[in-house]
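In terms of full-length UniProt numbering, the sequence shown opens at residue 1 and continues consecutively. Read through the structure below, which is laid out as structure tokens, and then see the notes.
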Amino acid sequence: MSALETSLAVTDPVGITPTPSQDTMTRGAIRSIPFRLAVTIPVSGLKLRSLRELGIGELFVTDIAASEDVPVFLGGALLGYAELDNVDGAMAVRMTRLS
1 MSALETSLAV
11 TDPVGITPTP
21 SQDTMTRGAI
31 RSIPFRLAVT
41 IPVSGLKLRS
51 LRELGIGELF
61 VTDIAASEDV
71 PVFLGGALLG
81 YAELDNVDGA
91 MAVRMTRLS
């Protein structure tokens with residue numbers, strides 16, 4: 001037997017094929033992994049001086065209209081776009097398009 005054949009014989013997972021129930025459990029575990037979405041609201045024209053003088057109650061005017069969708073990122077990748085909403089006093093994000 002050559003070295004290559006020996007290597008294949010050692011690393012070949014014969015008899016270790018996941019059963020359907022193991023595969024389902026793995027998919028279920030993956031589905032339960034928590035993640036964080038980032039909603040980006042673009043604000044341009046800010047200067048460092050503005051940030052240094054920032055106070056409670058100050059407003060930033062965004063680069064988008066209130067009716068415009070905002071980008072939603074997952075792990076740095078664009079997931080899609082959403083509109084901002086209010087649900088029982090909490091900020092909410094309603095997905096409008098997926099990338």
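All residues carry an ideal CB built from backbone N, CA and C; glycine is no exception. Please read these numbers as outputs of a predicted model, since none were measured by experiment.
- Here the alpha carbon of Val43 sits roughly 26 Å from the alpha carbon of Asp88.
- Sequence-distant Cβ neighbours of Glu83 in its own chain, meaning closer than 7 Å and more than five residues away, are Asp69, Arg94, Thr96.
- Taking Val72 as reference, the option from Ala92, Gly57, Asn86, Ala29 with the minimal CA-CA separation is Ala92.
- Of the candidates Asp85, Leu79, Asn86, Leu79 places its Cα closest to the Cα of Leu98.
- According to DSSP, residue pairing for Ala77 in a beta bridge involves Leu74.
- Arg97: member of the beta strand (DSSP E) spanning 90–98, first to last residue.
- CA-CA distance, Ala38 to Gly75, rounds to 8 Å.
- When DSSP states are grouped into helix, strand and coil, Leu59 belongs to the coil group.
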